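Visitor:
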Amino acid sequence: PQYKLVNSSHEGLAAVCNKGDLWGFIDKTGKEVIPCQYQYFPAEFNDGVAIACTNENRMFIIDHEGKTVAPFEYVYRGDGFYDGLITIVEVNASEDDDIDWQHWGKAGFMDTKGKIVIPADTYDVMMGEGPIINNFSDGLCRLKKDDKTVFIDKTGKVVITCNGED
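If you count the sequence shown from 1, position 56 lands on 89 in the numbering used here, and the numbers rise without skipping.
#1: Quick one: Cα of Gly163 to Cα of Cys86, how far?
#2: By the three-class DSSP mapping on this structure, what secondary structure does Asn196 have?
#3: Rounded to whole angstroms, what's the CA-CA distance from Gly99 to Pro68? Just pull it up for me.
#4: Count the other C-beta atoms from every protein chain shown that fall within 10 angstroms of the C-beta of Glu89, then say buried if there are 16 or more, exposed otherwise.
#5: Among Lys181, Asp179, Lys177 and Asp186, which has the Cα closest to the Cα of Asp171?
#6: Does DSSP classify Tyr115 as helix, strand or coil?
#7: According to DSSP, is Pro75 helix, strand or coil?
#8: Report the three-state DSSP secondary structure of Tyr107 (helix, strand or coil).
#9: Below 8 Å on the Cβ atoms is my contact criterion, and I expect Val82 with Thr182 to pass it. Report the Cβ-Cβ distance as a whole number of Å.
#10: In terms of alpha-carbon separation, which member of Gln35, Gln70 and Ala76 lies closest to Thr42?
#11: Assign Cys174 to one of two classes, buried (16 or more other C-beta atoms within 10 Å of its C-beta) or exposed (fewer than that).
#12: Which residue from Gly189, His97 and Phe114 puts its Cα closest to that of Ala153?
#13: Kindly list the residues whose CB is nearer than 6 Å to the CB of Lys139, restricted to its own chain and excluding five residues on each side of it in sequence; keep chain order.
#14: Measure the alpha-carbon distance for Ala103 versus Ile94 and round it to whole angstroms.
#15: Should Thr120 go down as buried or exposed, given a rule of 16 or more other Cβ atoms within 10 Å for buried?
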């Protein structure tokens, strides 16, 4: 086989890993449409874009042709784009500037063009357990704020507050 690994297809493209441990994408016919040149793909295609990582650990939002749409300089949930947005996290740094995975960070959202639409300064997330924040769906995102479950819209405005238990 030409590839060591072949992931599931998303939006007509499947991430593949070659024998040199580099990643790219093939189409439904098996044709390599984005060359195997990336260290990995932390997010598969969704909403027309994916996130790719170079060997220098630089991440980018790329389109279906492999063209860079925007740089991506955040920690994120790992699920990719949903409803046109991706969760980004600004993680608190420890004293030696390493990511402090056991403490709090702040979550926000970026669109598929790389524009921050909800700054990462409002919603606390605990990184040691993984960011506790959901994806957007149907224009809303469910999350915890002030010990309550809330739904925010794509501007970050709380539109529904639930006072009961989850």
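Ideal Cβ placement from N, Cα and C applies to all residues, glycine included. Predicted, not measured: the structure shown is a model, and the values here were computed from it.
Guide: So, to answer that:
#1: Position 130 of the sequence shown, counted from the start, is the residue given in the question as residue 163. Position 53 of the sequence shown, counted from the start, is the residue given in the question as residue 86. Residue confidence for Gly163 is low, a pLDDT of 49 falling below 50, so the modelled location carries little weight and cannot support an answer.
#2: As a working note, residue 196 is residue 163 in the sequence shown. Looking at Asn196 - three-state DSSP - the assignment turns out to be coil, as it is neither helix nor strand.
#3: In the sequence shown, residue 99 corresponds to position 66, counting from 1. In the sequence shown, residue 68 corresponds to position 35, counting from 1. Between the C-alpha atoms of Gly99 and Pro68 there is a straight-line separation of about 8 Å.
#4: Within the sequence shown, residue 89 is the residue found at index 56, counting from 1. Counting Cβ neighbours within 10 Å, Glu89 comes out exposed, since fewer than 16 surround it.
#5: By 1-based counting over the sequence shown, the position of residue 171 is 138. Per the Cα distances, Asp186.
#6: Within the sequence shown, residue 115 is the residue found at index 82, counting from 1. Strand.
#7: As a working mapping, residue 75 is identified with position 42 in the sequence shown. Correct three-state label for Pro75: strand.
#8: One-based indexing of the sequence shown puts residue 107 at position 74. DSSP, read as helix, strand or coil, puts Tyr107 in coil.
#9: As a first step, residue 82 must be located in the sequence shown, where it is residue number 49. As a first step, residue 182 must be located in the sequence shown, where it is residue number 149. That belief does not hold up - the Cβ atoms of Val82 and Thr182 are roughly 29 Å apart, past 8 Å.
#10: Within the sequence shown, the letter at position 9 stands for residue 42. The question names Thr, but residue 42 is Ser in the sequence shown. For the residues Gln35, Gln70 and Ala76, the minimum Cα distance to Ser42 belongs to Ala76.
#11: Position 141 of the sequence shown holds residue 174. In summary, Cys174 is buried, with 16 or more beta-carbon neighbours lying within 10 Å of its beta-carbon over all protein chains present.
#12: Here residue 153 corresponds to residue number 120 of the sequence shown, with the count starting at 1. The shortest Cα separation from Ala153 among Gly189, His97 and Phe114 belongs to Gly189.
#13: To locate residue 139, count along the sequence shown from 1; it is residue 106. Correct list, in chain order: Glu123, Ala153 and Asp154.
#14: In the sequence shown, counting from the first residue as 1, residue 103 sits at position 70. In the sequence shown, counting from the first residue as 1, residue 94 sits at position 61. Distance between the alpha carbons of Ala103 and Ile94: 5 Å.
#15: In the sequence shown, the residue the question calls residue 120 occupies position 87. Thr120 is buried by the Cβ-count criterion.
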